[in-house]
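Engineer: First, the structure itself, so that you have it in front of you.
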Ligand SMILES: NC(=O)c1ccc[n+]([C@@H]2O[C@H](COP(=O)([O-])OP(=O)(O)OC[C@H]3O[C@@H](n4cnc5c(N)ncnc54)[C@H](OP(=O)(O)O)[C@@H]3O)[C@@H](O)[C@H]2O)c1
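Numbering (my numbering), first residue to last: 1101 to 1392.
Here you go:
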């Protein structure tokens, strides 16, 4: 049996649907904070159990009987999330799981200015210390996060970001989900650390050119100071820990930390993952770029 956390989240739900193509629904448990929101999965025969990273007993109950547990990283500030993830690892072990698959991030270096990297570093180390088998998906930046990163170039004819000439790797959420489902249902993935991305790096100038090609007009990349990005986020009233993480992310970009292209996901999927260009083509509406 396979148990997955975050079954009501975007990646968790997509992974559950991919797993249903590969295993019987009775072999799948989704752990969610609010079971009533998982009615669609329950209707397909999936076992839905209440599980909260803040409630260790609930996770032990949620993971009961699972040989493999997929822990999808949460969304809280560092000190809280590190504790939550450790709780999930302990619960998987207590419930008798043999294999943990974990959604980490590209460059999980505690020294990175991207503050969330320290969370993933801690969780990866904690899983390795647990003695259970592990598979880490070091996911690139979500293609679906691009609109938030680059604003609306259709209107502004420009992309403003403090990225210099550094490059990043990206990946589509549905491709991650399919990759996770394959790893959870096929052999050969135990004790592996996978860089999960489209296999290509992009600078902001290249992103601007790709957007421009899609629009049939010129889009410029305009480098801005990190302080300007930070001021924009503060005026949007983002929580402090997110502002800190995202400004730190732009600093980490400039340190070339996210230049880790890999064909691992293509190998797992047996096809090329969705490219940034394809994402743009799928996502442009008449007046804006929308997350698909
Ligand atoms: N690589 C990237 O570009 C990128 C971008 C954004 C996020 N991420 C990471 O990837 C993860 C998955 O992405 P996503 O798109 O699926 O995000 P999402 O839709 O926001 O899902 C986050 C999931 O975390 C669960 N969660 C939060 N707190 C929890 C708790 N106390 N106990 C149990 N579950 C809890 C949520 O549960 P509920 O459904 O109950 O709310 C939700 O299912 C994110 O959480 C984040 O760590 C990566």
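Every residue gets a Cβ at the ideal spot worked out from N, C-alpha and C, and that includes glycine.
(1) Is any non-hydrogen atom of ligand 1 found closer than 7 angstroms to the C-beta of residue 1357, if you look at the structure I gave you?
(2) Among the candidates 1217, 1296, 1320, whose CA atom is the shortest distance from the CA of residue 1253?
(3) Mapping DSSP to helix, strand and coil, what is residue 1128?
(4) For residue 1103, which residues does DSSP report across the bridge?
(5) Whole-angstrom Cβ separation of residue 1243 and residue 1379, contact assumed at under 8 angstroms?
(6) Please report the Cβ distance between residue 1219 and residue 1178, rounded to the nearest whole angstrom; I am assuming they are in contact, meaning their Cβ atoms lie under 8 angstroms.
(7) Who are the Cβ neighbours of residue 1334 in its own chain at under 7 angstroms, not counting the five residues just before and after it?
(8) Does the stretch 1278-1297 touch the stretch 1346-1357, meaning 3 or more C-beta pairs lie closer than 8 angstroms?
(9) Just the Cα atoms here: how many angstroms apart are residue 1278 and residue 1140?
(10) Starting from the C-beta of residue 1366, find all residues in its chain whose C-beta is less than 7 angstroms away, skip the five residues before and the five after it, and write them out in chain order.
(11) Using the Cα positions of residue 1392 and residue 1251, report the straight-line distance between them to the nearest angstrom.
(12) Going straight from the alpha carbon of residue 1211 to that of residue 1233, what length do you get?
(13) Would you call residue 1381 buried or exposed, if buried means 16 or more other Cβ atoms sit within 10 Å of its Cβ?
(14) State yes or no: is the C-beta of residue 1130 within less than 8 angstroms of the C-beta of residue 1138?
(15) Between residue 1156 and residue 1285, what straight-line distance do the alpha-carbon atoms span, to the nearest angstrom?
(16) Within the same chain, show all residues whose beta-carbon is closer than 8 angstroms to that of residue 1142, passing over the 5 residues directly before and after it, in chain order.
(17) Cβ of residue 1372 within 7 angstroms of any heavy atom in ligand 1?
(18) Taking C-beta to C-beta, are residue 1204 and residue 1236 nearer than 8 angstroms?
(19) Nearest to residue 1124 by CA position, among 1145, 1114, 1107, 1275, is which residue?
(20) What did DSSP end up calling residue 1304 once you bin it into helix, strand or coil?
(21) In whole angstroms, give me the CA-to-CA distance for residue 1109 and residue 1133.
(22) Would residue 1240 and residue 1206 qualify as a contact pair, given that the criterion is a beta-carbon distance under 8 angstroms?
(23) Is the beta carbon of residue 1302 within less than 7 angstroms of some heavy atom of ligand 1?
(24) Is it a yes or a no for the stretch 1257-1264 touching the stretch 1212-1231, going by three-plus beta-carbon pairs under 8 angstroms?
(25) Considering only C-alpha positions, which residue in the set 1360, 1127, 1150, 1101 is nearest to residue 1271?
Structural biologist: The structure says:
(1) No, ligand 1 has no heavy atom inside 7 angstroms of this Cβ.
(2) Comparing Cα-Cα distances from residue 1253 to each of 1217, 1296, 1320, the minimum goes to 1320.
(3) Looking at residue 1128 - three-state DSSP - the assignment turns out to be strand.
(4) Answer is 1129, 1169.
(5) Confirmed, Cβ separation roughly 4 angstroms.
(6) Indeed they touch by this definition, with Cβ atoms about 5 angstroms apart.
(7) Here the set comprises 1343.
(8) Cβ pair count under 8 angstroms is below three, so no.
(9) In a straight line, the C-alpha of residue 1278 is about 19 angstroms away from that of residue 1140.
(10) Within the same chain, residue 1366 has close Cβ partners 1299, 1372, 1373.
(11) Residue confidence for residue 1392 is low, a pLDDT of 49 falling below 50, so the modelled location carries little weight and cannot support an answer.
(12) Residue 1211 and residue 1233: Cα-Cα distance of roughly 26 angstroms.
(13) Residue 1381 counts as exposed, since fewer than 16 other C-beta atoms from the protein chains shown sit within 10 angstroms of its C-beta.
(14) Cβ distance < 8 angstroms, so residue 1130 and residue 1138 count as in contact.
(15) Spanning the two alpha carbons is a distance of roughly 26 angstroms.
(16) Excluding positions up to five away in sequence, the list reads 1135, 1148.
(17) Checking every heavy atom of ligand 1 against the Cβ of residue 1372, none is found closer than 7 angstroms.
(18) Against a cut-off of 8 angstroms, the Cβ pair of residue 1236 and residue 1204 comes out as a contact.
(19) When the alpha-carbon of residue 1124 is set against those of 1145, 1114, 1107, 1275, the nearest one is in 1145.
(20) The three-state secondary structure of residue 1304, taken from DSSP, is helix.
(21) For residue 1109 and residue 1133, the distance between alpha carbons rounds to 10 angstroms.
(22) Cβ distance < 8 angstroms, so residue 1240 and residue 1206 count as in contact.
(23) No, ligand 1 has no heavy atom inside 7 angstroms of this Cβ.
(24) Taking 8 angstroms as the limit for Cβ pairs, the verdict is that the stretch 1212-1231 does not touch the stretch 1257-1264.
(25) Of all alpha-carbon atoms in 1360, 1127, 1150, 1101, the one lying nearest the alpha-carbon of residue 1271 is that of 1360.
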